[in-house]
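**Student:** Sequence lines, in order, name chains A and B.
Quick note on my numbering: the first sequence kicks off at 3 and runs consecutively.
Quick note on my numbering: the second sequence kicks off at 3 and runs consecutively.
2 protein chains.
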Amino acid sequence: MQDSETRSKPRRSDATRAAILAAARERFAADGYERATIRAIAKDAAIDPSMVMRYYGSKEGLFAAAAEIDLNLPGPMELRMQPADHVGRSLVAHFLDRWERDEVLTALLRVGATNPAGAERMQRILKDQIGPVAAAVCPDPAEAPRRAALVASQVLGMALARFVLRFPLAVEMPREEVIDWLAPTIQRYLTAPNP
Amino acid sequence: MQDSETRSKPRRSDATRAAILAAARERFAADGYERATIRAIAKDAAIDPSMVMRYYGSKEGLFAAAAEIDLNLPGPMELRMQPADHVGRSLVAHFLDRWERDEVLTALLRVGATNPAGAERMQRILKDQIGPVAAAVCPDPAEAPRRAALVASQVLGMALARFVLRFPLAVEMPREEVIDWLAPTIQRYLTAPNP
DNA sequence: TATTGTTGCCAACAAGCGTTGACCAACAGG
DNA sequence: CCTGTTGGTCAACGCTTGTTGGCAACAATA
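1. Using only alpha-carbon positions, find the residue among P12(B), L107(B), G90(B) and L162(B) that is nearest to A150(B).
2. Does the beta carbon of Q131(B) come closer than 7 Å to any beta carbon on chain A?
3. Taking the runs of the alpha helix (DSSP H) that are 4 residues or longer, which of them lie wholly in the region 104-179 of chain A?
4. Using the C-alpha atoms, what's the distance from L128(B) back to F30(B)?
5. Kindly indicate if chain B contains any beta-carbon less than 7 Å away from that of Q84(A).
6. Roughly how far, in whole angstroms, is the beta-carbon of A26(B) from the beta-carbon of A68(B), given that I think they are within contact range, below 8 Å?
7. Could you check the C-alpha separation between L171(B) and A154(A) for me, to the nearest Å?
8. Can you pull the chain A residues whose beta carbon is under 8 Å from the beta carbon of E36(B), in chain order?
9. According to DSSP, is D16(B) part of a helix, a strand, or is it coil?
10. What residues from chain A crowd round T193(B), counting only those whose CB sits closer than 9 Å?
11. With 7 Å set as the bound, which would you pick, yes or no: does the beta-carbon of P141(A) sit closer than that to a beta-carbon of chain B?
12. For S15(A), which residues from the same chain have a beta carbon less than 8 Å from its beta carbon, with the 5 sequence-adjacent residues on both sides left out?
13. With a CB to CB cut of under 6 Å and the five nearest residues on each side skipped, what residues in its chain are close to T8(B)?
14. For the alpha helix (DSSP H) holding A67(B), just list the boundary residues, first then last.
15. Check whether the region 69-81 of chain B touches the region 48-56 of chain B, counting contact only when three or more Cβ pairs, one atom from each stretch, lie closer than 8 Å.
16. Could you work out which residues of chain B lie near A163(A), taking near to mean beta carbons separated by less than 8 Å?
17. Between the alpha carbons of A20(A) and A136(B), how many angstroms are there, rounded?
18. Can you list the residues of chain A that R148(B) reaches, using a CB-CB cut of under 7 Å?
19. For my contact list, L167(A) and G114(B) are in at a C-beta cut-off of 8 Å; report their separation, rounded to the angstrom.
20. Listing by chain order, which chain B residues have their CB less than 9 Å from the CB of A121(A)?
21. On the premise that V139(A) lies in contact with A86(A), defined as a C-beta separation below 8 Å, what is that separation, rounded to the nearest angstrom?
22. List, in order along the chain, the chain A residues whose C-beta lies closer than 8 Å to that of L128(B)?
23. Taking the alpha helix (DSSP H) that L81(A) belongs to, which residues open and close that run?
24. Quick check: what's the CA-CA separation for P176(A) versus A17(B)?
25. Could you tell me which of P78(B), H96(B) and T116(B) sits nearest to A185(B), measuring between CA atoms?
26. How should G133(A) be labelled, buried or exposed, when 16 other C-beta atoms within 10 angstroms of its C-beta is the threshold for buried?
27. With a CB to CB cut of under 8 Å and the five nearest residues on each side skipped, what residues in its chain are close to I22(B)?
28. To the nearest angstrom, how far is it from the Cα of Y35(A) to the Cα of P141(B)?
29. Is it buried or exposed for N196(B), if we count other Cβ within 10 angstroms and need 16 for buried?
30. Can you tell me whether DSSP reads L184(B) as helix, strand or coil?
31. Name the two residues that bound the continuous alpha helix (DSSP H) containing I43(B).
32. Quick one: what's got a C-beta closer than 6 Å to L107(B)'s C-beta in the same chain, skipping five residues either side?
33. With a cut-off of 8 Å on the beta carbons, I'd call I188(B) and Q156(B) a contact; round off their distance for me.
34. Return helix, strand or coil for A194(A), following the three-state DSSP convention.
35. Where Y191(A) and R148(A) are concerned, what is the direct C-alpha to C-alpha distance, given to the nearest angstrom?
Structure below.
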């Protein structure tokens, strides 16, 4: 075992590690935590199940590694650069982009629904990544957390309908139309005065 | 086996059947499909696991029976009785009520996230129960399905945050405040002109 | 009372799971 | 050329799962 933080000579096993992680993300996204078996993940990565244990310790450890997520949201400065009434729109577009590109988000959503550890991780993401955005643009900073939660509820709800439950009506709706509908909602949750 | 539709002499086993169903709903709601084991459900109902099989055929059959859901939404006439700009508010209140009272809804949400059969059942509910509401109040009936999907995305998103993931910020938000925030969103999704 | 169906428990099955440790092949440094 | 480390396979462990069939007690009917 070696510190993965410090840059050291690349190991021969790095490729295997990456293959396992990629397969794990795919399986977790498609099947959720319980039905994504280590054996299936190992088969996808074309290695032995025991390697997964060696490199990630346990199934929980593998999931923890696979669910490392950075939403890559704009920082406070970038937020204030654009017109205030445009934040909702650009945020919705960003989320949609993010979700389409990265199956890990779908995986986390699936796992969070049945696994306490997954739910906790989602909570951290809300607090650490969406919270600051709300704090930067909402009128009363004390209200930021609640507004962040509201934003999360609409964004996660659309992600659920579109990428997890795959409601045909939500899947077929063109990206631009989704944005047109959701943007005002997000905008209001962030910046409207208390109703 | 006997037709449960036709009214026949009540069986002695009806109590057991009901106990199993109640325990199943609780477990499915708390743990999701895979982690809610037949053995655990049977123990909760204080009977033998094999009884579950006898009365419901299989685990899937049990879930199908446990997830029979009627959202009890207002009919077209009732909808037109109240002022048109009040529909959003009363709908949100109704959904919140429904979710707080009936753990089956949480169960279905949890199961739908990882189980294809669960997802399909949610889809049917959207189509058969939310769809008509949208059709009754939205300006262009042809658009009703899409608007129903939007409504579902926000309602399910809040249910996810509040009852499944249990984000503290969403859980602690008082019921009335949730309604105040969501009502305008739902109202807009239902009745606003295409954005 | 004798018979027949219902209700329930018990013990076991086969399959699948996460996880472990022994073992082998290839490489690296001296 | 050895020797220790790394990358990897294999076979098995202990356990839990959904599911099944046999068997005893009871109720109902005739």
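In this text, a Cβ means the ideal position worked out from N, Cα and C, and glycines have one as well.
If you're wondering where the values come from, they're calculated on a predicted model, not measured in any experiment.
**Tutor:** According to the data block:
1. Taking the first residue of the second sequence as 1, we reach residue 150(B) at position 148. For the residues P12(B), L107(B), G90(B) and L162(B), the minimum Cα distance to A150(B) belongs to G90(B).
2. Translated into positions along the second sequence, residue 131(B) becomes position 129. So, not an interface residue.
3. Assignment of alpha helix (DSSP H) within the region 104-179 of chain A, counting only whole runs of 4 or more residues, yields 105-116, 118-127, 133-139, 146-161 and 170-174 in chain order.
4. As a first step, residue 30(B) must be located in the second sequence, where it is residue number 28. As a first step, residue 128(B) must be located in the second sequence, where it is residue number 126. Spanning the two alpha carbons is a distance of roughly 20 Å.
5. As a first step, residue 84(A) is located in the first sequence; it is residue number 82 there, counting from the start. The beta-carbon of Q84(A) is placed no less than 7 Å from the nearest beta-carbon of chain B.
6. For the purposes of this step, residue 26(B) is taken as the residue at position 24 of the second sequence. For the purposes of this step, residue 68(B) is taken as the residue at position 66 of the second sequence. Sure, about 4 Å apart at Cβ, within 8 Å.
7. In the second sequence, residue 171(B) corresponds to position 169, counting from 1. In the first sequence, residue 154(A) corresponds to position 152, counting from 1. Rounded to the nearest whole angstrom, the CA to CA distance from L171(B) to A154(A) is 11 Å.
8. On the second sequence, residue 36(B) is found 34 positions in, with the first residue counted as 1. Going along chain A in sequence order, the residues near E36(B) (Cβ under 8 Å) are G34, E36, R37 and T116.
9. Your numbering for residue 16(B) matches position 14 in the second sequence. Note: D16(B) maps to helix in three-state DSSP.
10. For this step, residue 193(B) is matched to residue 191 along the second sequence. Around T193(B), no beta-carbon contact reaches into chain A at under 9 Å, the shortest distance being about 13 Å.
11. Translated into the one-based positions of the first sequence, residue 141(A) becomes position 139. The C-beta of P141(A) comes no closer than 7 Å to any C-beta of chain B.
12. Along the first sequence, read from residue 1 onward, the residue named residue 15(A) stands at position 13. Correct list, in chain order: Y57.
13. If you number the second sequence from 1, residue 8(B) lands on position 6. Residue placement at T8(B) cannot be trusted, given a pLDDT of 45 that sits under 50; what the coordinates show is reported in the next sentence. For T8(B), where only same-chain residues beyond five positions count, there are no Cβ hits under 6 Å.
14. Position 65 of the second sequence, counted from the start, is the residue given in the question as residue 67(B). A67(B) -> alpha helix (DSSP H) spans K61 to A68.
15. Output reads no: the region 48-56 of chain B does not touch the region 69-81 of chain B.
16. For the purposes of this step, residue 163(A) is identified with residue 161 of the first sequence, where counting begins at 1. Neighbours of A163(A) on chain B, chain order: A151, A154, S155 and L158.
17. For the purposes of this step, residue 20(A) is identified with residue 18 of the first sequence, where counting begins at 1. For the purposes of this step, residue 136(B) is identified with residue 134 of the second sequence, where counting begins at 1. Between the C-alpha atoms of A20(A) and A136(B) there is a straight-line separation of about 47 Å.
18. Against the second sequence, residue 148(B) aligns to sequence position 146. Per Cβ cutoff of 7 Å: L171 and M175.
19. Position 165 of the first sequence holds residue 167(A). Position 112 of the second sequence holds residue 114(B). Contact between L167(A) and G114(B) holds, with the beta-carbon distance rounding to 6 Å and staying under 8 Å.
20. The sequence position of residue 121(A) within the first sequence is 119, counting from 1. Result: V166, L167, R168 and F169.
21. The residue given as residue 86(A) occupies position 84 in the first sequence. The residue given as residue 139(A) occupies position 137 in the first sequence. With 8 Å as the limit, A86(A) and V139(A) qualify as a contact, their Cβ atoms being about 7 Å apart.
22. Your numbering for residue 128(B) matches position 126 in the second sequence. Within chain A, the residues near L128(B) are F169 and L171.
23. Walking along the first sequence from the start, residue 81(A) turns up at place 79. Annotation: the continuous alpha helix (DSSP H) that includes L81(A) extends over P78 to M83.
24. Start at 1 with the first residue of the first sequence, and residue 176(A) comes out as number 174. Start at 1 with the first residue of the second sequence, and residue 17(B) comes out as number 15. Answer to the nearest angstrom: the Cα atoms are 50 Å apart.
25. Translated into the one-based positions of the second sequence, residue 185(B) becomes position 183. Taking each of P78(B), H96(B) and T116(B) in turn and checking the Cα distance to A185(B), the smallest one comes out for H96(B).
26. As a first step, residue 133(A) is located in the first sequence; it is residue number 131 there, counting from the start. Within a 10 Å sphere around the beta-carbon of G133(A) sit 16 or more other beta-carbons, which makes this residue buried.
27. Translated into the one-based positions of the second sequence, residue 22(B) becomes position 20. Only I43, A44, A47, I49, M53, V54, Y57, Y58 and L64 meet the Cβ criterion.
28. As a first step, residue 35(A) is located in the first sequence; it is residue number 33 there, counting from the start. As a first step, residue 141(B) is located in the second sequence; it is residue number 139 there, counting from the start. Answer to the nearest angstrom: the Cα atoms are 42 Å apart.
29. The count along the second sequence starts at 1 and reaches residue 196(B) at position 194. Exposure of N196(B) is indicated by the presence of fewer than 16 other C-beta atoms within 10 angstroms of its C-beta.
30. Residue numbering aside, residue 184(B) sits at position 182 when the second sequence is read from its first letter. Three-state result, L184(B): helix.
31. Here residue 43(B) refers to the residue found at position 41 when the second sequence is read from its first residue. Segment I40 to D46, the alpha helix (DSSP H) holding I43(B).
32. By one-based count along the second sequence, residue 107(B) stands at place 105. Its chain contains W101 as the residues whose beta carbon lies nearer than 6 Å to that of L107(B), once the 5 sequence neighbours on both sides are disregarded; these appear in chain order.
33. Counting from one through the second sequence, the residue named residue 188(B) turns up at place 186. Counting from one through the second sequence, the residue named residue 156(B) turns up at place 154. Yes, they are in contact, since the Cβ atoms of I188(B) and Q156(B) sit about 6 Å apart, within 8 Å.
34. Position 192 of the first sequence, counting from 1, holds the residue named residue 194(A). If DSSP states are grouped into helix, strand and coil, A194(A) belongs with coil.
35. Within the first sequence, numbered from 1, the residue matching residue 191(A) stands at position 189. Within the first sequence, numbered from 1, the residue matching residue 148(A) stands at position 146. Y191(A) and R148(A) have their C-alpha atoms roughly 9 Å apart.
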